[in-house]
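> Mind looking over this structure? Questions follow.
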Amino acid sequence: FRTARATRVPAYSRAFIDAGGVAAFQLYVPLVERGAFAGALVAEYAVDALLRHYVPAEAAQRHPIAIVDETDRSLASTVTALPGRSPSQAPIVNDLPLTPALNGLVLRGQGYRTSIGLIGNTLFWMVLALSVLTVWMLLGTLRHMRRRAQIQDALMQETNFRRAMENSMPTGMRAMDRDGRITYVNAAFCQMSGFPAAELVDCVPPFPYWPTDRFEENGRLLQQELQGRSPAGGVEVKMMRKDGRLFDARMYVSPLVDSRGQQTGWMASITNITEAKRIRDQLSASHERFTTVLEGLDASVSVLSVQQAELLFANRSYRLWFGGDARGHLQLAGGVSPSDFAPLDEDDDTDPLSGLPAAELTATGARPCEVHVGSLDKWFDVRARYLQWTDGRLAQMLIATDITARVRAEEQAAAQAEKAQVTSRLVTMGEMASSLAHELNQPLTAITNYCNGMVSRVDADSIGKPDLVAALRKTAHQAERAGQIIRRIRAFVKRSEPQRQRIEARTIVDNAVDLAGIELRRRSVAIHTYVAQRLPPLLVDPILIEQVLLNLLKNAAEAIDHAGLPGLRRHIELRVLPRHTADAGGVIEFSVADQGP
């Protein structure tokens, strides 16, 4: 009280035991009125109540907590000592002064060991071992769960992958048990048939995709399938979509075996071959038409392997004429055998002809040619072409047309033409017979006159040697002139094969003009010739050219004579000039022009 009055601040008293035996302490709060001490307000705190209210029950249950004074006397405690015994001192003590009282009271907390000695240590290590074992088991369980999760993920991925494969593949898959009940179909089969999986699974024969008019056939195939007698190459079947449309399919059947190696049913893979069969039928029909055309040809068609000399194809005409071997092909090709080509190296599969243009492989058959086959006594027009066979080999195709009748006709026509030429020359000479007789009469008359004159003068012994020699020379000249006319006529009308020879154009013109001059002089027609300079020698039969020129000149003279043209217009021009044409190129042109109508 005195401290509160003196300091004018609240003051705590020392702890004491009141009349009821309860430990307590008091708080004196000074009361000041108008600056003067008017008294004090006294509040008393029971130490036991303070400990009960302000110490947490959890802490009070686990540890002994007490409030002691400065003399280490326990005023209140959470632990009650047995009668007649004082509380033991704990090995662990922690003191905390009570503030703001600072009246010597201390809050003391005590701690005790829960186990002591060997027994306590064993329990500790057992608990520790169990804890470690528990942690190890938890880690093992965690690892097992992770591994199981990984396996489940892998299984899920594998399942999804297989399901994606089954749903992505265009081949329909159908599984049946050993009784013929459908147990599985994939998406491709459902799309192919038009039936959903719910309508197909657990179905028994007859199946909804069987055509109504093929139940018996499909039932027989199903029994064959269930008995394991399906062909390894598959079987073609007709299937019906849900909308009633039919399509062709090929079905392959194999046993369905489980993980224990026991057969549980049959697995069938079905492929839609409608388009493939349509294309195959078209190709077959096209091949049949092509073969029919080739077999119906009158020409021989054959294909020969260049390297192996193997006959790859021959039509009916070839087989009829040459049989089934390659000798006929070689005869038509001009005797070119595979040995004429570079053979394949035994240690190398490289084709030495690879990349070489077919036209450069051989000159034989490069152009159409006519071949005579003596064994058949037939002529063939042969056309060759090199092509790549279906297996990649180089092959030669020959198309040989029988032209025997045409060749025979050409030979007959050539013979008739030759006869006609001879006849024409004879007719020409016949038409010119009078002119030729007149032309020959002149040198013969001169020879007669020379001979008669020389005889008369010899008889009269009035001719000298020089005059006699001169007369004989003139006689010989006239005889040579007559002989030259006869030789030209004989050469003109002589029948012979055309003989080409190199000859100058001027020589041909001179010979023709000499022969035609007789007729021209008889008809009083002049001729003017012009031959261009520096013309190359001609490779021709001069008799044939002379015959043509003679006919042209004779016709021109007849036209002028029949027209009765005056003397200034009675002339013919014969010109020989070089020309260039688009078809033949450089040529020599003989032209005859007259003034007739």
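Letter by letter, the sequence shown follows residues 18 to 614 in the numbering used here. Positions of the beta carbon are idealized from the N, C-alpha and C atoms, including for glycine.
Say whether the stretch 179-198 touches the stretch 216-225, bearing in mind that this needs 3 or more beta-carbon pairs closer than 8 Å, one atom from each stretch.
Counting Cβ pairs under 8 Å, three or more are found: they touch.
> Can you name the start and end residues of the alpha helix (DSSP H) that P559 belongs to?
Reading the sequence shown from its first residue, position 542 is the one you call residue 559. 559-580 is the extent of the alpha helix (DSSP H) around P559.
> Closer than 8 Å is the cut-off here; do at least three beta carbon pairs connect the stretch 36-50 with the stretch 60-71?
Contact holds: three or more Cβ-Cβ distances are below 8 Å.
> Considering only C-alpha positions, which residue in the set G603, D484, G534, A401 is nearest to L555?
The residue labelled residue 555 in the question sits at position 538 within the sequence shown. The shortest C-alpha separation from L555 is found at G603.
> Pick from I199, M186, T200, P222: whose alpha carbon is nearest that of Q208?
In the sequence shown, counting from the first residue as 1, residue 208 sits at position 191. Out of I199, M186, T200, P222, M186 has the C-alpha closest to the C-alpha of Q208.
> Ignore the nearest five residues each way along the sequence and tell me which others in S271's own chain have a CB closer than 7 Å to its CB.
Mapped onto the sequence shown, residue 271 falls at position 254. Contacts found: M284.
> Grab me the residues of Q241's own chain with a C-beta within less than 8 Å of its C-beta, minus the 5 sequence neighbours each way, in chain order.
Counted from its first residue, the sequence shown places residue 241 at position 224. Answer for Q241: S247, listed in chain order.
> Thinking C-beta only, is A529 closer than 8 Å to L566?
Counted from its first residue, the sequence shown places residue 566 at position 549. Counted from its first residue, the sequence shown places residue 529 at position 512. Contact flag set, yes.
> Note down, one range per segment and in chain order, each alpha helix (DSSP H) of at least 4 residues found wholly within the stretch 18-89.
Entirely contained in the stretch 18-89, the alpha helix (DSSP H) runs reaching 4 residues are, in chain order, 19-24, 64-71, 74-79.
> When you compare the stretch 573-586 with the stretch 539-556, are there three or more beta-carbon pairs, one atom per stretch, that lie closer than 8 Å?
Touching, yes.
> Going by the beta-carbon positions, is the gap between L532 and I605 smaller than 8 Å?
Here residue 532 refers to the residue found at position 515 of the sequence shown. Here residue 605 refers to the residue found at position 588 of the sequence shown. The answer is no: Cβ separation not under 8 Å.
> Is it the case that the stretch 82-100 contacts the stretch 23-42, given that we only count it when at least three CB pairs across the two stretches are under 8 Å?
A contact exists between the stretch 23-42 and the stretch 82-100.
> Taking C-beta to C-beta, are P460 and Q495 nearer than 8 Å?
For the purposes of this step, residue 460 is taken as residue 443 along the sequence shown, with counting starting at 1. For the purposes of this step, residue 495 is taken as residue 478 along the sequence shown, with counting starting at 1. Cβ distance < 8 Å, so P460 and Q495 count as in contact.
> If you pair each beta-carbon of the stretch 418-432 with each one of the stretch 391-410, do three or more pairs fall below 8 Å?
Touching, yes.
> Sorted by chain position, which residues of the same chain lie with C-beta nearer than 6 Å to F33's C-beta, five sequence neighbours on each side aside?
Within the sequence shown, residue 33 is the residue found at index 16, counting from 1. Answer for F33: no residue qualifies.
> On the CB-based measure, 16 or more other CB atoms within 10 Å of its CB, does E563 come out buried or exposed?
Residue numbering aside, residue 563 sits at position 546 when the sequence shown is read from its first letter. E563 comes out buried.
> For A522, does the count of other Cβ atoms within 10 angstroms reach 16, so buried, or fall short, so exposed?
Residue mapping note: residue 522 aligns to position 505 of the sequence shown, counting from 1. Per the 10 Å Cβ criterion, buried.
> Are the stretch 252-271 and the stretch 285-296 touching, with three or more C-beta to C-beta distances below 8 Å?
Taking 8 Å as the limit for Cβ pairs, the verdict is that the stretch 285-296 does touch the stretch 252-271.
> Assuming A57 and R22 are in contact, meaning their beta carbons sit under 8 Å apart, how far apart are those beta carbons, in whole angstroms?
Here the question's residue 57 lines up with position 40 in the sequence shown. Here the question's residue 22 lines up with position 5 in the sequence shown. A57 to R22, Cβ: 7 Å. Contact.
> Along the chain, where does the alpha helix (DSSP H) that runs through Q127 open and close?
As a first step, residue 127 is located in the sequence shown; it is residue number 110 there, counting from the start. Note, Q127: premise wrong, no alpha helix (DSSP H); beta strand (DSSP E) at 123-128.
> Is the beta carbon of S210 closer than 8 Å to that of M182?
As a working mapping, residue 182 is identified with position 165 in the sequence shown. As a working mapping, residue 210 is identified with position 193 in the sequence shown. In this structure, S210 does not lie closer than 8 Å to M182 by Cβ.
> Considering A331, what are the terminal residues of the beta strand (DSSP E) in which it resides?
Position 314 of the sequence shown, counted from the start, is the residue given in the question as residue 331. Per DSSP, A331 belongs to the beta strand (DSSP E) from 328-331.
> Which class does A434 belong to by DSSP, given the choice of helix, strand or coil?
The count along the sequence shown starts at 1 and reaches residue 434 at position 417. Here A434 sits in helix by DSSP.
> Exposed or buried, R95, counting other C-beta atoms within 10 Å across all chains shown (16 or more means buried)?
Here residue 95 is taken as the residue at index 78 of the sequence shown, counted from 1. The question names Arg, yet the displayed sequence has Thr at residue 95. Label assigned to T95: buried.
> The alpha helix (DSSP H) spanning I535 covers which residue range?
On the sequence shown, position 518 is the one that residue 535 refers to. Taken as a continuous stretch (DSSP letters only), the alpha helix (DSSP H) holding I535 covers 522-539.
> Starting from R596, follow the beta strand (DSSP E) in both directions and report where the run begins and ends.
Counted from its first residue, the sequence shown places residue 596 at position 579. 588-598 is the extent of the beta strand (DSSP E) around R596.
> Hey, out of S303, G481, L594, G282, whose CA is closest to D196's CA?
Numbered from its first residue, the sequence shown carries residue 196 at position 179. Ranking the options by Cα distance to D196, first place goes to G282.
> Less than 8 Å between the C-beta atoms of A350 and S334, yes or no?
Within the sequence shown, residue 350 is the residue found at index 333, counting from 1. Within the sequence shown, residue 334 is the residue found at index 317, counting from 1. Their beta carbons are not under 8 Å apart, which means A350 does not touch S334 by this criterion.
> Do three or more CB pairs link the stretch 319-330 to the stretch 340-350 at distances below 8 Å?
Verdict: yes, contact present.
> Let's test the definition: count the other Cβ atoms within 10 Å of the Cβ of T492 and tell me whether it reaches 16, buried, or not, exposed.
As a position in the sequence shown, residue 492 is number 475, starting the count at 1. T492 should be labelled buried.
> If you run the structure through DSSP and keep just helix, strand and coil, what is V609?
Along the sequence shown, read from residue 1 onward, the residue named residue 609 stands at position 592. Correct three-state label for V609: strand.
> What residue range does the alpha helix (DSSP H) around S301 cover?
Along the sequence shown, one-based indexing puts residue 301 at 284. 291-313 is the extent of the alpha helix (DSSP H) around S301.
> Check whether the Cβ of T188 lies closer than 7 Å to any heavy atom of the ligand GDP, and answer yes or no.
This structure lacks the ligand GDP, and indeed carries no ligand of any kind.
> Helix, strand or coil: how does DSSP classify C220 here?
By 1-based counting over the sequence shown, the position of residue 220 is 203. The answer is coil: DSSP assigns C220 none of H, G, I, E or B.
> If I measure Cβ to Cβ from Y467 and keep anything under 6 Å in the same chain, skipping five residues before and after, which residues do I get?
Within the sequence shown, the letter at position 450 stands for residue 467. Around Y467: A488, K491, T492.
> Whose CA, out of Q325, M268, L404, R25, lies closest to the CA of G251?
Along the sequence shown, one-based indexing puts residue 251 at 234. Comparing Cα positions, the closest option is M268.
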